[in-house]
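Visitor:
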């Protein structure tokens with residue numbers, strides 16, 4: 005029991021530290037054409053899947069508190085929205101809880117269902133990343149970093165599809181957990197901004213407050229989906245690698 009508690013504490017501290025580093029460095033952001041996708045929530049999802057909802061929520065708490073501290077100490081024009089713990093902290097804690105229970109629920113489904121669902125979702129990810137890559141290549145201004153970042157994730161998506169098809173391996177429980185765990189963060193943060201700070205947020209963006217709903221919905225569509233897809237790819241690779249290492 006003591007060894008298990010120690011392991012959970014160590015993993016929570018390690019993944020929490022990774023989250024802080026991601027938030028303070030460019031490693032926490034991946035360029036995808038006109039938008040940047042964040043990776044800071046991914047350690048929260050991994051912690052929840054590997055060690056349960058309490059550890060996931062703890063890493064989410066570290067993520068939330070560190071984002072609040074950064075908003076106070078390294079402010080940007082719109083950082084004031086993260087002074088509110090209902091936006092900065094609560095959604096990040098809930099990432100761990102939502103991710104774990106979705107993973108637990110879908111892990112018990114039949115292997116055939118999981119196999120088919122995994123293949124279909126992998127194909128959707130490949131199609132989306134292919135579309136993003138096409139947009140980057142055909143854009144008026146070609147951004148090399150965005151091209152290589154997207155290409156790398158596209159290759160990883162094809163690799164996941166190959167593993168699923170050839171090695172009798174399914175990742176659907178991980179996929180659902182990572183995808184909706186990521187969306188939990190996006191929906192609650194953007195929803196909180198709309199509820200509490202729509203007018204001042206729009207003023208900082210030099211846009212009309214009346215357009216708050218459209219602008220925030222646009223942010224959700226252009227950033228939340230890429231973040232969720234990237235979370236799926238990194239989570240599947242990381243959890244499978246860690247699980248295989250632990251079982252050796």
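In the working numbering, the protein residues as written are 5 to 252. C-beta: ideal position from N, C-alpha, C; glycine also.
1. In the DSSP assignment, the alpha helix (DSSP H) including residue 32 goes from what residue to what residue?
2. What's the call for residue 232, buried or exposed, on a 16-neighbour Cβ count within 10 Å?
3. Put residue 17 into one of helix, strand or coil per three-state DSSP.
4. Under 7 Å Cβ to Cβ from residue 242, same chain only, skipping five residues before and after it: list those, please.
5. Let me know if residue 38 comes out buried or exposed under the rule of 16 or more other beta-carbons within 10 Å of its beta-carbon.
6. Alpha carbon to alpha carbon, how far is residue 115 from residue 23? Give it in angstroms, no decimals.
7. Reducing DSSP to helix, strand and coil, say where residue 179 ends up.
8. Among the residues of its own chain, which have a CB less than 8 Å from the CB of residue 15, if the five just before and after it don't count?
9. Keeping to the same chain, check which residues put their C-beta closer than 8 Å to that of residue 47; ignore five residues upstream and five downstream.
10. Going straight from the alpha carbon of residue 165 to that of residue 125, what length do you get?
11. Quick one: which unbroken beta strand (DSSP E) runs of 3-plus residues sit fully inside the region 109-166? Chain order, please.
12. Hey, quick one: how far does the alpha helix (DSSP H) through residue 77 stretch, first residue to last?
13. Does DSSP classify residue 43 as helix, strand or coil?
14. Spatial neighbours of residue 3 within its chain, please: CB distance less than 6 Å, with the 5 preceding and 5 following residues excluded, ordered by chain position.
15. Kindly list the residues whose CB is nearer than 8 Å to the CB of residue 190, restricted to its own chain and excluding five residues on each side of it in sequence; keep chain order.
16. Can the beta-carbon of residue 161 be found less than 8 Å from the beta-carbon of residue 178?
Guide: Let me spell this out:
1. For the purposes of this step, residue 32 is taken as residue 28 along the chain shown, with counting starting at 1. Residue 32 -> no alpha helix (DSSP H), and no H or E assigned at all.
2. Here residue 232 refers to the residue found at position 228 when the chain shown is read from its first residue. Looking at its Cβ environment, which holds 16 or more other Cβ atoms inside 10 Å, residue 232 is buried.
3. In the chain shown, the residue the question calls residue 17 occupies position 13. In this structure, residue 17 counts as helix in the three-state DSSP scheme.
4. Counting from 1 along the chain shown, the entry for residue 242 is found at position 238. Closer than 7 Å at Cβ, skipping near neighbours: 50.
5. As a position in the chain shown, residue 38 is number 34, starting the count at 1. Note that residue 38 scores a pLDDT of 44, beneath 50, so its modelled location is shaky; the value from the coordinates is reported in the next line. Under this definition residue 38 is an exposed residue.
6. As a working note, residue 23 is residue 19 in the chain shown. As a working note, residue 115 is residue 111 in the chain shown. Answer to the nearest angstrom: the Cα atoms are 33 Å apart.
7. Taking the first residue of the chain shown as 1, we reach residue 179 at position 175. Helix at residue 179.
8. Translated into the one-based positions of the chain shown, residue 15 becomes position 11. Hits under 8 Å: 51, 54, 55, 59.
9. Your numbering for residue 47 matches position 43 in the chain shown. Contacts found: 19, 20, 22, 23, 26, 63, 67.
10. Indexing the chain shown from 1 puts residue 165 at position 161. Indexing the chain shown from 1 puts residue 125 at position 121. Each residue's alpha carbon lies about 9 Å from the other.
11. none
12. The residue given as residue 77 occupies position 73 in the chain shown. Note, residue 77: alpha helix (DSSP H), 57-77.
13. Walking along the chain shown from the start, residue 43 turns up at place 39. Coil at residue 43, not helix or strand.
14. What the structure shows of the chain is the stretch from 5 to 252, and residue 3 is not part of that stretch, so it cannot be assessed.
15. Start at 1 with the first residue of the chain shown, and residue 190 comes out as number 186. Excluding sequence neighbours, residue 190 sits near 224, 227, 228, 231, 232.
16. To locate residue 161, count along the chain shown from 1; it is residue 157. To locate residue 178, count along the chain shown from 1; it is residue 174. Contact: no.
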